[in-house]
Each structure stands twice: as C-alpha cells, then as structure tokens.
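Some notes on the structure that comes next.
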Amino acid sequence: MPGTRDRKVLGTLLAAAGILAAFSIDVRGDDKDALVGTPASLAISPADATLVGRRATRQLIVTGTYPDGVRDLTHALEWTSADPAVAVVSHTGRVVPHGNGKAVITARRGSVEVSTTVQVQGLDKPAPVSFRRDVMPVLSQAGCNTGACHGTPTGKGGFKLSLRGYLPDQDFTTLTRESGGRRINTFAADTSVTLRKPLGEVPHEGGLRLKRTSKSFEFLRDWIAEGAHDDPGGVQPVKLEIVPSDRVLNAPAKSQQLAVLLTLSDGSQRDVTPICYYDSSSPDIAEVDADAHVVFKNRGEVAVIAHYLSLVAIIRLTHLIEVPGFQVAQVPQDSVVDRAVYEKLNRIRIAPSESCTDAEFIRRAYLDVVGALPTPEETSAFLSDKSADRRAKVVDRLLERPEFYDFWALKFADVLRSNGRLIQPKGAYVFHRWIRSALERGMPMDEFVRMLLAADGSTYSNPATNYYRISRDPESSVETTAQLFLGVRIQCAKCHNHPFEKWTQDDYYGFAAFFSQVGRKPGGLPEEEVVFSTGAGDVRQPRTGKVMPPKALGGPVLDDAKTDRRARLASWLTAADNPFFAKSLVNRIWYHLMGRGIVEPVDDFRDSNPASNDDLLNGLTKGFVAGGYNLKSLIRTILLSRTYQFSATTNKLNADDAIYFSHATTKLLPAEVLLDAISVVTGTTTTFDGLPKGARATQIPDGKMDNPFLKTFGRPARELACECERESDSNLSQALQLIGGATVNGKLHDDNGRIALLAKSGKPPEAITQELYLVALGRAPNAAELEAAVKHLKAAKDLRSATEDLGWVLINSKEFLFRH
C-alpha cells in the first residue's frame, strides 16, 4: 500500500477522475431544517466502524440531542473523509472503502461538527459476489421478482422468477440456463440483457430498475463477470436489524436515515442497507426510499419495514409537530380504554371531540348493541332520566335483550360462513341456532372456539361440526382458522414463503397437519354429515416432500398421539398466553363497535401492520382474559368509555385523524339493520322465507337467503371468512334502491303501515311530523324542519301522499342512514 502522503495524493486523483462524483449532490433542503438551534450533543453511529473487504459499505447516522428530544442530522450536515484513498463518504453518510487503513470521517455544518474513525481491512483478499446473499436481494430490491413483474406465476416476457426469491435454486437455473444462457454474458458482463434492460439501455416494460452508481448494479454486474456461480452452502443469514431503533422525531425534524445490519451464522455482521427493500405501513404519513431515508409528510406513527431475503426487520417512528391551540387533556384513570386513548392523543397532539349528546348516545348504543332503533318511548324515558349513571343503565339493559343475541349471532354467523349453499339449509339453521344459544348462555369465547375446533359428530345434532363441513380440506381449515381466531392471513404461505412476513411454507403445512385427520361420512338423515377423527393422515410440504408434524403458528410442535390433533390445537389456541387469540377477538369486537379496528384490517395482524394503539389493545386483552373471555363484559367496557361516547363532530385539531379514535366514526347502517329500521319507521314487516311473520332481518339464519335490498346494501354471501365481505361503502345502486326501489316504496305505500294510519288519523300536521321524526331520528324536529314539513302537509291535496313524501325524506336522510 502507498504511504500516508501518497494516499492523500491518490485520493485527490480519485476525486478528479470522477470516482466521488456520485457523492456530490447537495444536501436536501428539507433536511437542513433539522439543524435549527444548537444540539446539546452529537453522536455518529456506529462509532469507529470497521469495513471488511472491498464490497463492504457502512451507513453512518448522526444524531443530535436537543432539549425536546433527538433529531436525525445525517442529511443536514456535509460529509468529508480525511483520507479518500482509504474511504470515501457520500452526502448521505454512506462510507465506501478504497484502501486498507484508517480514515477520519467528519460531518459538519457551521460550528456543528462531529467525527468518527473508520477502519478498512481485507481489501487485498478475494471478495466474490454471493448469488444467494447478494444477487437475490438485489433482484428483490429492484422489484424484478414481485407479483407485478417476473414474480407472477407465469412470469413476464418469457422470464419467470420465484416470488421475492423464495426459490433460489430455480432462479439460478432461470438466470443462467434458460434461453440458452442468453440472459447473461460472462465474457462481456455489460452486454448482458439482465443488466441492460433494468438499466433502460434496451426497451423494458418494467422501466428503469437499476443505476450504474448503485451497489445493486455492482453486485449483479460483478456476479456475471465472475462467472455467475451459485453458492448454496456457506454462512447463512440469521438476523436482520434496523438502527436506530424506535424513535420519536420532534419538529422541525421530519426525516430519519436508517441503516440495516445483517447477522450471519458465523457471528459476523454486514451492512445491507443498499440492497434491502423498504415499506412504510402508512405512506400517507411517511415514505421511505430505496436508501432507507424516511421522510414524514404528516404527524403520526409509522412502521418502517426492511426486507432482506426471507428476513424482516421493523421499527416504529413517530413524528410530532407543534400544534397551535393544543392543550394536553387530563388522562382518565378509571377506564383502560380512556387511559390508553387519551395518552396516545396527548402524545400525537390531537384534541378529542366533545362527548356526544344523550340523544346521540342512545341511538348509537341501540344500533351498535342490538341492531335496532330505540322507540320514541325508550328515547323519551332516557332523556328524562337525570341520574349520573343513566348511560350505564341503558347499556346494561341492552346487553340482556333478546335482540342482542340475534344481532351478535348474525355477526358471528357471517364470518363462520353459515350458508345453506355450503352446509344445506337445515345445517345453516341449526348452526345459527347453536351460535345464538351459546351467546344467550353466556358461553366464554374461548370455550366457544374450542367447541368449534374440536367438534365431532352429526352436523345436525352437534351443529359446531358444520365448521368442518364448510372447511372441507386441511388447507381451507388452516386459512379459515388462522384468519378468524388468530388474525393472521397466511394464505400466501401455501405456495411460497410469505413475501412480507415471517410465515413460511413449513409454518403453513405444519399448521395444516392439525386438520389432516378430519373425516366426514354421510349421516342417517337427508343431507346430514358426520365429522369424526380418523386417527391417521399426514400433510406433506409440497416443495420438500417432508411429512409435517402438527405445529402451532409461531409456537411448538404439538405431536401427541394420545390426544386428537384438533383438541391439542384448540387448547393451545385459546390458552391465556396465546399471543394471537384474545387480541384478535378483542380487535374484532372493537371494530364492530367503533367502525375501525385497533389493527386494521381487523384480521391482518402482522409486524408490518402495527396496532394504532398498543396500550389500548394490550389493556383490553388483559382484562378480557382475566374476565374469563366474557363477551358482554368486553362490550360493556368499551361502551362505557368516554372514547366510545365521543361526538362524531370533529374539531380543528382532530379533523384529519382517522386512526386514533379522537372522535366517533360515521358509518352506514348494516343492510339488515337498515331494512329493519325502515320497517319500524313505516310500521311494516318484511316476509322472509322460512321465518315467521314479523321476523326481523337481523334474525335471518341463512346466508343463502336472497333479498334484493339486503344484497344491494352489502349483506355478505358468507363465502369468505372475512369481515371485508360485508360492504360498508355507499354507492349508486343503494341510492337508486332508496329513491325508487320496490322495498322502500312498497313500505311507504302500505295501506296498513304507519304512513297510511297517520294520514287518516286526524292528527294535525305538527303531530304527524313530530311522530315521524321521533321514530326515525330519535329526536323532535327543529323549528326549520317543523315549519317546512307542516307547510308541505298543509298545502297538499292528498295528505297521505304528502305524508309518504315526508317519510321518504327522513328515510333518505344521512342522519337516518348512518350511525353517528
């Protein structure tokens, strides 16, 4: 190696030759703002880094400590290397080695300055590119093996890769052997189609995917030039880590540079920041680029996810800004819900809405708990009650009403897929009746799920066995059980390791082994089926051919021949220390009452989709488990919280909040609830096949029952084990159904209905208006509403027609159609 003086000269020559040109970009203006004020201290991490081998890189991060917290100053400072012949540093703090030795790396701006020493070694030793550890991550970072590109089952343009590189053996063959090996040219690497297309040098439908100045290009190009070898053995990646860890950024800082470290099976560590790919859990709040630089667009929290092969690392970043007019709210200590919600709102600096009015509360509670409107008499009695616990008394009464069991049986029957097309009409009827009976008897929810999972016998005499009449193979049982009771969508792992999460094909088929010994045979009655345990049967992992022992998701192997596999699964799944079950169920109930899950979507628990409020979810879950998995107790806890009772009217400090529950959610009434409500307003009934006269839509047991109105308003077909099957967004078809549909108009024109009876009752227009407003909206009309309605009724030649008009207006009002 040259002497010290010669190295400095060499560094100057390297710079002049353009080696450092890629690092000459100006500091981003947005990041300069982070340096407002003088930090109390500065630190570069990692301190005194060591780079081993010519392919090593190291992302340095500068953190400034201020009175209000820490700020990332990596992009706010100007970087220099005292010895470019040893190492050069980019404007973003990324160090690249050039010679063995030590170099001082400095970040400065004005009087703010901090330095660290970087040691480079091993540049005189071979450093071949690894196909498994370098090229495969590069293909993922460039997006070549995504589901939208060559990672599709059929590939693109005749070129097919495994999704996110889960089959490296196959990908190696595809790259080096298919098409006569013409995709790469080991004698002239730069002419390889595999390089020229993503560089944009020849037409490429996928667009520009590589840059010559990137580490990704270096790895791919050098791998080809070195002969395009595979390396299936050797050290293996075992752990991925993002630094810094979870962090809160206070304004004016609004960005954070990250670094990603990979630990290998030999204990060594390398920086893989340039070849990972990244996601943000909420791009509306913050985005992360290919260099692991996170920029916030709004205040809030995000999870940032780094992917390297099958490894995933996640951190959470929070961005806080000064909010003029914000005042810290006093945190209630008498409610696990309010304590967690208020603490989070104070932290994010979001002001909660005021409490809803009593009139709003009673309507909201009735709709959410029993799926029905309160009667005018019930509303009047509640509004005249001046006791401090009047809301609690309403909730307690609602939880004991028969309609509670009807309404919540409907919710569970939806996701359990109680559908006559799948289990025959009688099966759907007895299954629904079993669900409702379990709720009415106060069956704890862990027992409810154990009975479903371990069920044997006739689908008629033991209706819980219909769970296995619907899920007729191990794969269907795996996906349904994981999604319903663990909140895990594991479908992707059926065909390949999950591209975004930790679940593998081994996890999928190990879980499937619990259901491999479920047998079915005809019963003695027409369409009856008997579910039983065969005591034999295994599942093979399709890629490896290995027989999989029954293994809990993220848990132990539960292989005990003395106990039925499903019974073992049911015990593990509903255990108090299960990391998924209770949280998943709590989140589902919260979703039904609040209109949005703490984890959203409600059945998609994963590290890269964090809860909006961990303390809230954990607190409710702890109480749910300690309380014996009591559904009513959980619902009561939520309904009596200040959070549930917030007004839907926003203020200027929470109008943009959609995830932290600072105000109530306005949501369209479910199809069955809406139809029943229209029937109440019009004083009519709806006839449903197989149900007695006067039955409500919320009592329908069979998802197969066809009703045009219910279908238009999103009643699910019960073919998917997902809350998403029930449509909740308003659309044009619904508007047309309300305006001119046979259901609404038939009820308004019914000769025996409320409208006809009011028109011929002899009551004055004021009384007619008052009654319709009270029954439809739970309140009296205001002065303007009363004046307009009375004027219309008095001017009409046909009072009945005018009364129908008034009823139609109320039914089509947002106040009626939506729960506020």
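For the record, in the sequence shown the residue sitting at position 772 is 1178 according to our numbering, with numbers rising by one throughout.
Quick reminder that beta carbons are idealized off the backbone N, C-alpha and C, glycines included.
The beta carbons of residue 1127 and residue 947 sit no closer together than 8 Å.
Counting C-beta pairs closer than 8 Å gives fewer than three between the region 1103-1123 and the region 1162-1169, which falls short of the contact rule.
Assigned with DSSP and collapsed to three states, residue 643 falls in strand. Around the beta carbon of residue 501, 16 or more other beta carbons lie within 10 angstroms, which makes this residue buried.
Contact between the region 684-693 and the region 608-628 is absent: fewer than 3 CB-CB pairs across the two stretches fall below 8 Å. Residue burial is scored here from C-beta neighbours: residue 1049 has at least 16 other C-beta atoms within 10 angstroms and is therefore classed as buried. For the 8 Å CB-CB criterion, residue 459 and residue 507 do not form a contact. Contact holds between the region 752-762 and the region 1053-1068, because three or more Cβ pairs, one in each stretch, are under 8 Å apart. For residue 713, the beta-bridge partners assigned by DSSP are 683, 718.
When secondary structure is reduced to three states using DSSP, residue 725 falls in the strand class. With fewer than 16 other beta carbons inside 10 angstroms of its own, residue 792 counts as exposed.
Here residue 1051 is buried: its Cβ has 16 or more other Cβ atoms, across all protein chains shown, within 10 Å. Bounds of the alpha helix (DSSP H) holding residue 1205 are 1205-1217. Taken through DSSP and simplified to helix, strand or coil, residue 677 comes out as strand. Residue burial annotation: residue 676 is buried, with at least 16 other C-beta atoms found within 10 angstroms of its C-beta. Put simply, the backbone Cα of residue 823 is about 37 Å away from that of residue 684. Under the Cβ criterion (8 Å, minimum of three pairs), the region 908-928 does not count as touching the region 581-591. Counting along the chain, the unbroken alpha helix (DSSP H) around residue 1177 starts and ends at 1171-1183.
Here residue 987 is buried: its Cβ has 16 or more other Cβ atoms, across all protein chains shown, within 10 Å. Contiguous alpha helix (DSSP H) elements confined to the region 778-856 occur at 782-790, 796-804, 808-822, 826-846, taking only those with 4 or more residues.
When secondary structure is reduced to three states using DSSP, residue 873 falls in the helix class. Residue pairing by DSSP places residue 472 opposite 475 in a beta bridge.
Of the other Cβ atoms in all chains shown, fewer than 16 fall within 10 Å of the Cβ of residue 963; this residue is therefore exposed. When Cβ pairs closer than 8 Å are counted between the two stretches, the region 1110-1118 is seen to touch the region 1137-1152, the count reaching three or more.
The Cβ-Cβ distance between residue 504 and residue 493 falls below 8 Å. Within the same chain, and ignoring the five residues on either side of residue 870 in sequence, the residues whose Cβ sits closer than 7 Å to its Cβ are 840, 857, 858, 861. In the assembly as shown, residue 734 is an exposed residue. Its beta-carbon has fewer than 16 other beta-carbons within 10 Å.
The beta-bridge partner set that DSSP reports for residue 954 consists of 945. For residue 884, the three-state secondary structure derived from DSSP is helix.
The beta carbon of residue 1208 lies closer than 7 Å to those of 1198, 1199, 1202 in the same chain, with the five residues before and after it left out.
Around the beta-carbon of residue 707, 16 or more other beta-carbon atoms lie within 10 Å, marking it buried. Between the alpha carbons of residue 924 and residue 867 lies a gap of roughly 18 Å. Rounded to the nearest angstrom, the gap between the Cα atoms of residue 443 and residue 499 is 21 Å. In the structure shown, residue 749 adopts helical secondary structure according to DSSP, grouped into three states. Using a C-beta cut-off of 8 Å, the region 724-731 makes contact with the region 649-660, since at least three inter-stretch Cβ pairs fall below that distance. Contact annotation, residue 1018 with residue 1073: C-beta distance approximately 17 Å; criterion of less than 8 Å not satisfied.
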